[in-house]
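Chains as they are written, first to last, in our numbering: chain A, 1 to 681; chain B, 1 to 681; chain C, 1 to 681. From the three backbone atoms N, C-alpha and C, an ideal C-beta is built for every residue, glycine too. Keep in mind it's a predicted model, so treat the numbers as computed, not measured. Inspection log for the structure reproduced underneath, given as structure tokens.
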Amino acid sequence: MAFEPLFGENKIFYGADYNPEQWLDYPEILEKDIELMKKAHCNIMSVGIFSWSKLEPQEGVYDFSWLDKVLDRLNEAGVKVFLATPSGARPTWMSHKYPEVLRVWDNQMRAMHGGRHNHCNSSPIYREFTRKIDTELAKRYSNHPAVIGWHISNELQGSCHCPLCKANFRKWMQKKYQTLENLNKAYWSTFWSHTYTSWEEIDPPATMGEMGVHALNLDWKRFNTELSMDFCKHEIDTVKAVNPNLPCTANFMEYFNDYDYFNYAKIIDFVSWDSYPEWHVYKDQERTPIYTAMNHDLMRNYKHGKPWVLMESTPTCTNWRGTSKLKKPQMNTLGALQAVAHGADNVQYFQWRKSRGSSEKFHGAFVDHVGHLDTRAGREEIELGNKLSKLGEVAGSLVNAKVAIVFDQENRWAIDDAQGPCNNGMKYLEVCQDYYKALWKKGVNVDAIDETCDLSKYDVVIAPMTYMIRGDYAKRVEEFVKNGGTYVSSFWSGIVNETDLCFLGGFPGPLSNVLGIWDEEIECLEEDETVKVQSLCDALGFNSCFEGSHLCALIHAKEAQVLAKYDSDFFKGMAATTVNNYGKGKAYYVASRMDDNFIEKLVASILDEKGIKGPIDNLPLAVSCHTRYNDKSEFLFVGNYSDTAVDVMLKETYEDLLNGGNVSSQLHLEPYASYVLKKDL
Amino acid sequence: MAFEPLFGENKIFYGADYNPEQWLDYPEILEKDIELMKKAHCNIMSVGIFSWSKLEPQEGVYDFSWLDKVLDRLNEAGVKVFLATPSGARPTWMSHKYPEVLRVWDNQMRAMHGGRHNHCNSSPIYREFTRKIDTELAKRYSNHPAVIGWHISNELQGSCHCPLCKANFRKWMQKKYQTLENLNKAYWSTFWSHTYTSWEEIDPPATMGEMGVHALNLDWKRFNTELSMDFCKHEIDTVKAVNPNLPCTANFMEYFNDYDYFNYAKIIDFVSWDSYPEWHVYKDQERTPIYTAMNHDLMRNYKHGKPWVLMESTPTCTNWRGTSKLKKPQMNTLGALQAVAHGADNVQYFQWRKSRGSSEKFHGAFVDHVGHLDTRAGREEIELGNKLSKLGEVAGSLVNAKVAIVFDQENRWAIDDAQGPCNNGMKYLEVCQDYYKALWKKGVNVDAIDETCDLSKYDVVIAPMTYMIRGDYAKRVEEFVKNGGTYVSSFWSGIVNETDLCFLGGFPGPLSNVLGIWDEEIECLEEDETVKVQSLCDALGFNSCFEGSHLCALIHAKEAQVLAKYDSDFFKGMAATTVNNYGKGKAYYVASRMDDNFIEKLVASILDEKGIKGPIDNLPLAVSCHTRYNDKSEFLFVGNYSDTAVDVMLKETYEDLLNGGNVSSQLHLEPYASYVLKKDL
Amino acid sequence: MAFEPLFGENKIFYGADYNPEQWLDYPEILEKDIELMKKAHCNIMSVGIFSWSKLEPQEGVYDFSWLDKVLDRLNEAGVKVFLATPSGARPTWMSHKYPEVLRVWDNQMRAMHGGRHNHCNSSPIYREFTRKIDTELAKRYSNHPAVIGWHISNELQGSCHCPLCKANFRKWMQKKYQTLENLNKAYWSTFWSHTYTSWEEIDPPATMGEMGVHALNLDWKRFNTELSMDFCKHEIDTVKAVNPNLPCTANFMEYFNDYDYFNYAKIIDFVSWDSYPEWHVYKDQERTPIYTAMNHDLMRNYKHGKPWVLMESTPTCTNWRGTSKLKKPQMNTLGALQAVAHGADNVQYFQWRKSRGSSEKFHGAFVDHVGHLDTRAGREEIELGNKLSKLGEVAGSLVNAKVAIVFDQENRWAIDDAQGPCNNGMKYLEVCQDYYKALWKKGVNVDAIDETCDLSKYDVVIAPMTYMIRGDYAKRVEEFVKNGGTYVSSFWSGIVNETDLCFLGGFPGPLSNVLGIWDEEIECLEEDETVKVQSLCDALGFNSCFEGSHLCALIHAKEAQVLAKYDSDFFKGMAATTVNNYGKGKAYYVASRMDDNFIEKLVASILDEKGIKGPIDNLPLAVSCHTRYNDKSEFLFVGNYSDTAVDVMLKETYEDLLNGGNVSSQLHLEPYASYVLKKDL
């Protein structure tokens with residue numbers, strides 16, 4: 001991948017969602033907006049999200065006059081624009097006249113007009129309305145000098161149970177399975193007599209109908225990913241028909257569970273996402289930055305490492321959580337630079353200015369109801385704008401990761417739906433983060449990928465709970481290890497195929513060879529229950545007592561070597577962690593949800609063995625360290641997420657991009673401080 | 001306001017809901033009822049609630065014979081009657097034949113027959129049935145010597161989503177806003193493209209439709225207040241057409257959230273309400289009496305101080321809570337006299353006799369299933385009847401309050417719906433009660449009012465969290481302070497206008513002048529989080545460390561003087577409490593939810609300054625003290641809500657109305673004891 | 001009752017649910033099944049549950065070829081069969097073509113196809129389809145040498161709100177009450193004007209309609225018991241029309257609340273049930289065995305002591321609980337022998353082999369996905385099969401109990417629905433188990449019966465919370481005590497009749513004479529609240545302080561003698577436990593939910609007085625001891641449910657049936673160990 005800034009310019013873009021259509025009666029405010037944008041060093045705005053009522057106030061009657069002025073004014077001020085298609089919400093007149101544009105819920109009742117992100121993805125009428133308005137927008141603005149990309153719809157999500165969607169689902173299944181016999185076998189539908197004898201008999205999963213055919217549930221999620229992609233593609237095709245060169249994105253969401261983004265990302269040109277971390281909520285100050293960091297790493301890898309756009313975030317607080325906590329001083333800067341550290345070329349916010357009314361009027365914004373930037377938040381926004389303006393050379397740089405963590409969306413769907421062994425919550429994401437956390441604390445770059453991604457470019461692949469083995473994943477794992485890679489697996493791996501059929505003949509199924517174990521059964525512990533685990537020093541390099549929790553696979557080491565044993569309960573003495581030498585590589589299996597201490601030690605020993613180390617040793621609590629690089633330089637991002645000042649030791653001399661001058665050896669970090677350092681390559 | 005007993009007689013009425021229609025097959029029980037009423041000193045019964053099936057057993061076929069006998073029998077026994085219109089529940093035949101009398105729920109499905117209080121307020125059929133039965137009742141009983149008032153329907157509540165109600169809602173909006181442009185601006189409906197282009201497009205808020213246009217939600221609540229009032233007025237007009245002199249009431253409920261009672265009370269002649277405090281449930285023995293006291297003070301002020309009727313309460317326990325706790329000995333008497341202390345001229349119960357079957361058969365009553373009054377509860381009921389018979393001169397006396405607390409129903413709706421800053425619960429009522437509690441513990445009379453009420457008659461007005469500024473409220477606050485009043489405001493005040501549009505230019509919006517501060521932003525604390533606050537001795541007269549919780553406004557004192565400062569978190573050093581000298585008065589602003597200790601000290605210093613004091617100093621824990629007065633006397637009500645005996649010191653000599661004789665200096669209070677003392681004026 | 005093995009053979013049957021229809025594509029697995037069944041000593045399989053799609057793949061097209069082979073193959077292997085009718089789930093084509101076979105839910109919407117156990121019990125179409133397939137099955141297999149009984153449908157449950165069911169309900173009420181006047185009186189429907197004036201007006205209870213007429217709610221439950229029985233009888237009649245000698249069962253469930261099994265059991269030939277205890281979940285190791293033991297005792301008494309079938313259980317874990325905990329080593333054996341100890345002649349499991357897919361693929365089975373029995377669970381299954389094969393003579397033996405505990409399903413419905421005195425949960429089952437626990441710890445056999453059962457054969461009857469007095473129960477209690485029996489009653493007894501109408505004239509209503517007390521009122525304690533109770537040594541034989549919780553009846557001893565008094569709260573000094581000498585017997589009344597210590601002492605003193613003792617004294621914690629007997633021998637079952645090894649002292653010499661040889665005096669019990677000992681009579 002070349003080192004190319006996303007939008008051709010060597011700058012980190014800085015801006016927000018901008019909704020001037022709400023303020024057309026307040027011309028003085030629109031004037032003030034431009035003045036304040038300049039003051040805050042803003043150079044990009046997302047315009048037109050939810051503007052349909054203003055663009056097409058009556059059916060077929062378009063009004064672009066206000067938007068003409070807005071775009072021209074922004075252009076004059078040097079502010080670029082992501083122009084949104086307005087399909088995230090529809091005008092009231094449309095729902096009223098054509099109720100079929102609205103979604104039918106799981107309870108089989110059609111929604112009434114309201115909210116947003118709830119159109120039917122199949123509706124030909126909605127698609128036609130969308131095509132028309134998108135075409136008008138594209139014709140008028142595709143070549144506008146301010147516009148650098150399309151923001152397709154908004155936070156696409158969900159599913160619809162209307163007859164059209166049901167029919168599309170049946171077509172999708174027919175295409176996939178060809179015959180009902182194939183489908184019935186794949187669905188194991190003989191169970192409870194659920195055999196289908198005609199395609200018409202298949203309804204989507206529904207609370208008042210069928211919820212227990214897990215392969216059907218999985219296919220419904222896959223279908224809805226593709227149906228939403230199809231809708232999005234319909235919009236992309238529409239706007240690209242006018243100007244094929246303007247890139248398109250669709251803003252993604254936090255560990256989003258409705259769709260498989262690794263699939264979804266194929267139809268967009270660049271990834272963008274809306275990130276709202278829960279800063280300052282948890283006593284554990286590492287929890288939120290780690291949770292967010294892994295999400296950033298996922299976003300980057302949806303497009304295989306390409307820089308991406310932080311499309312939404314808040315400068316102060318959200319208004320839709322239980323508690324609307326403010327970001328403490330410098331937290332907004334730290335959060336923004338965290339995104340850049342993980343590959344973002346843009347830092348954008350929802351929203352430019354707080355609306356006067358309706359449901360998000362108390363959501364944080366650049367400009368508060370007071371109307372100026374001489375506020376605590378405003379001053380930090382201006383300062384941040386200034387800082388970002390110094391980071392132009394970072395744009396287009398990439399992240400080099402030798403370690404990957406596998407977090408697979410289809411696997412996540414399957415695990416959560418499978419009924420057993422822990423219906424209280426399988427904690428797939430939490431277990432992945434146990435390992436991610438150990439890597440983060442080492443200051444090591446990580447790629448978050450899924451089972452479809454290329455493994456061969458990594459030294460270490462950590463893949464907890466790969467319950468579902470998709471496609472040729474197991475083969476690729478074998479090759480990866482054979483060729484010298486280190487693979488880390490865990491309990492609840494290698495259980496089912498892609499239609500949730502269990503592997504026969506012993507778990508971990510197709511991973512049995514590479515892992516060298518047999519997983520006989522799995523014990524689920526109560527929420528407050530733990531088991532003791534004793535590591536074997538000679539094998540693992542460390543010796544101590546640890547705790548396992550959540551789930552305990554009861555395994556038999558076959559070819560594998562035992563590294564740690566259970567030391568309590570009826571399975572005392574059985575293997576708790578193993579390693580298998582396979583080809584030139586090694587494959588680990590961790591049989592329980594081990595405590596942080598164990599995972600940190602295990603990860604450290606693996607990194608040591610592979611010679612992987614971060615740029616700073618012995619990172620203090622809640623201090624992060626990540627790098628980007630291009631053909632000339634490496635950029636080192638250091639951030640302190642704790643409320644305590646600390647020092648770290650640099651191993652080399654760096655240029656301090658934000659503050660000027662050079663730094664070396666000791667670097668002092670005030671609470672929530674962040675640094676961007678550069679060294680030449 | 002003149003000192004007029006509500007029903008012309010110098011007596012505190014004592015009685016219950018009476019449902020003889022349930023016992024027509026048991027003539028011996030009906031006889032026994034009269035005997036027991038006399039024994040218990042009862043002199044009023046509410047009759048006819050839910051009797052429609054017995055009054056009109058088939059459509060158009062009326063049977064009043066049983067009611068004739070009941071009313072005559074009561075009259076002979078000297079028992080007066082509130083005669084109910086039966087519209088609180090309808091006969092099954094009516095629902096069956098005319099399903100349109102039933103309500104359509106938020107899920108857009110029409111209710112089936114069942115329950116009660118669930119008719120459609122718009123239904124012409126229901127109104128016509130109601131008109132007919134009410135007319136029959138009025139013709140037959142309007143001049144019956146026992147009947148002294150109308151009890152209209154029962155506990156009117158809720159809303160309906162049927163087409164008729166929707167049409168009425170649209171008419172109501174049309175009348176209010178005249179044009180859709182006005183409505184769209186007031187609703188800020190450009191947000192999420194919710195602009196309305198025809199009146200027909202506007203649906204009431206609904207879970208399956210629109211819930212996020214807060215001004216629409218507010219208008220729906222206002223409309224339903226007025227629609228229910230219109231239904232109630234329809235009944236009042238019907239019965240008054242026969243005898244315009246018989247006063248009407250509609251029984252209100254505890255801190256009721258469906259309707260705005262300050263508006264509702266306009267159409268009734270006197271206020272009555274159904275009070276079911278949770279006695280003995282909380283370890284904090286002050287919680288329930290204080291919560292109930294403020295509700296009594298609200299009820300009195302719905303009719304601007306006029307005496308009112310305790311329409312329902314229970315002599316022993318309810319049957320619809322999680323736990324049905326019994327009132328301990330003397331608690332029933334104490335609770336009854338609390339109502340009288342706060343202005344009640346009647347003490348009535350649900351119910352006279354426990355029903356044999358159906359859903360309230362285990363709700364407390366005068367007469368238990370055992371059928372006599374020789375029970376623990378029965379003996380106390382007789383004793384209470386005897387006590388109330390000694391308080392005839394209290395009837396018609398008023399409450400003199402120099403302090404008012406503002407608890408505004410429209411503001412409450414708006415705060416709870418606004419999304420942010422604390423969706424876990426904004427605690428408007430709780431914060432108002434923080435201040436009410438400090439006043440209650442001082443033994444000071446308080447009026448609970450809303451933003452529409454006259455402020456000029458008070459010395460002190462405490463108005464926490466006036467998020468929504470209604471009409472000319474801010475102007476009236478300015479005048480009040482200018483003229484020497486002391487006003488206490490808090491965080492989350494002066495944020496929006498009546499359609500929930502934020503004030504631009506800085507909070508607290510129109511209260512900025514009088515408060516002399518700028519409220520820049522607001523921090524929400526987690527449930528277990530607090531901040532330190534340091535009072536400034538020289539300014540406030542006391543010096544200590546306190547705690548703030550819940551929400552912290554981060555304010556700038558402009559004209560105001562700082563009285564206390566935050567002493568932790570990133571806003572350490574910022575003002576936590578201010579006072580602004582404005583005209584002849586003072587306006588306080590308390591920026592966080594301060595602990596009891598702080599509020600008690602602040603309130604004490606304000607009362608001291610204004611020379612307001614209660615009749616007893618140093619009230620022990622959970623002891624109340626309130627007064628009523630007329631042209632001749634002051635009546636002092638003292639009650640001990642704790643399980644511990646205590647003494648209080650009287651400052652003067654009083655006549656002991658319940659026990660005879662005089663008391664002065666030390667007054668001993670057994671657990672749950674109550675006294676009514678009198679002194680001449 | 002004669003000592004007859006259920007199926008004529010002197011053997012404890014051992015087997016599982018077997019679903020070969022899921023594996024027809026895997027002939028090698030079907031072969032392997034037979035081999036493994038032999039290995040595990042299995043001799044019975046339940047076949048055909050949920051096989052409808054395979055038996056009738058299209059409407060009217062039957063395919064029995066696969067089942068022919070399965071039954072023949074089982075027969076050849078010496079494995080008997082319970083043949084199921086397939087009505088527990090229907091083919092998709094049927095739901096699709098005839099949606100009326102599906103149930104209408106409480107929300108008045110008809111289910112879509114999916115799940116199981118959700119057909120309409122009234123649907124003539126479903127009954128006709130069932131009749132046809134059942135007839136085909138009966139014709140083909142009624143005389144098959146492998147088939148020893150019918151397994152009718154599966155886990156029959158629930159209710160339906162379709163027009164047909166509503167019409168049937170109305171007919172049922174009409175038959176019961178004859179006139180609407182009778183019904184209205186029985187329902188106390190004057191309350192809230194709910195009087196019915198035509199049968200058509202009566203709808204079943206529904207959330208969107210009527211839920212507050214408790215007698216209607218009760219009748220709806222009674223009706224649904226009978227409607228389900230009628231459906232089940234329809235199936236029984238169908239199969240018995242072909243071979244009237246093949247016995248039928250319907251598998252029951254854990255403390256099932258939908259139907260009254262004492263009534264239901266009348267139509268089946270033998271009882272079977274599905275038992276899934278929560279082993280190893282609670283820190284209190286006695287909780288689960290005691291809870292399960294009483295359920296076994298109920299099952300046995302549904303057919304008045306006749307041996308019964310453990311139809312389903314799991315060898316390892318379930319997959320539908322929050323946590324799927326494994327059974328620890330020997331727990332499966334212990335659980336199986338517990339069932340036998342309480343009267344089971346069969347030990348069967350769900351399921352023979354784990355399905356590859358769908359919602360129960362992770363439910364424990366004889367054969368795991370690995371496909372062999374060389375697993376921890378498999379080895380114990382083989383060992384258990386071997387053990388059971390040594391217990392042939394136990395088959396047909398009975399349980400002799402001198403103590404009965406009354407747990408009445410109609411009473412349970414009524415208590416839970418009555419609204420008050422503790423809507424947080426009346427804990428009827430828990431309170432019954434307080435007493436059952438004391439008996440279990442004494443190693444005394446107990447019958448669990450209901451109010452309709454014969455009391456005369458017991459020495460002691462313990463009947464807590466008999467809120468509803470059904471039929472002549474009170475008279476039979478009087479006779480029982482008069483004739484020398486000891487009866488134990490508690491708070492919340494003798495309150496209502498069978499249509500939930502309260503007894504007038506004083507509680508405990510018709511039990512007042514025999515108990516000799518008046519129950520004036522009842523106090524409900526908060527969850528964390530207790531009262532002190534002081535026993536009176538001279539009366540009760542022990543003297544100490546105890547605690548009452550939950551509910552406290554405030555009673556007056558009339559003829560009864562006071563045994564313990566409340567020692568706190570306002571009712572300090574009132575009677576907390578009484579005994580009444582009545583005829584030759586005694587009637588106890590325990591006024592509160594007393595602590596374990598009190599109940600153990602009270603029960604011990606009663607057992608002492610009646611000379612009832614178990615075969616082992618001083619049982620250690622969590623060790624059980626129960627007996628069966630026949631004309632020749634007594635079988636003693638001892639089990640250790642704790643994780644600690646203990647010893648018990650035998651009083652006699654026994655033959656050790658499982659291990660061979662004799663044992664006497666000290667018997668050592670490893671954790672989860674179980675013994676079956678025999679002595680001659």
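Nearest to B:N411 by alpha-carbon distance, out of B:D219, B:L180 and B:S605, is B:D219. Counting along the chain, B:E410 sits inside the alpha helix (DSSP H) bounded by residues Q409 to D417. Checking the DSSP bridge columns, you'll see A:K586 partnered with A:T486 and A:N581. Setting aside the 5 residues that flank it on each side, A:Y436 is surrounded in the same chain by I290, M294, I405 and V446, each with a C-beta closer than 7 Å to its C-beta; the list follows chain order.
Taking a contact to require three or more Cβ pairs closer than 8 Å, the region 131-148 of chain B and the region 199-213 of chain B do not qualify as touching. Spatial neighbours of C:S123 in its own chain (CB-CB distance under 6 Å, excluding positions within 5 residues in sequence) are listed in chain order as E100 and V101. Taking the beta carbon of A:G371 as reference, the chain B residues within 7 Å of it are L504 and G505, listed in sequence order.
A Cβ-Cβ separation of about 10 Å leaves A:L310 out of contact with A:V271 under the 8 Å criterion. In the DSSP assignment, A:E655 falls within the beta strand (DSSP E) that extends over Y654 to D656.
Sequence-distant Cβ neighbours of B:S87 in its own chain, meaning closer than 6 Å and more than five residues away, are T130 and S153. Assigned with DSSP and collapsed to three states, B:D219 falls in helix.
With respect to B:S512, B:Y589 sits apart: the two C-beta atoms are not nearer than 8 Å.
Contacts with chain B at 8 Å (Cβ-Cβ) include C:V213.
Identification of chain B residues near A:W279 by a Cβ-Cβ cut-off of 8 Å yields none; the smallest Cβ-Cβ distance measures about 12 Å.
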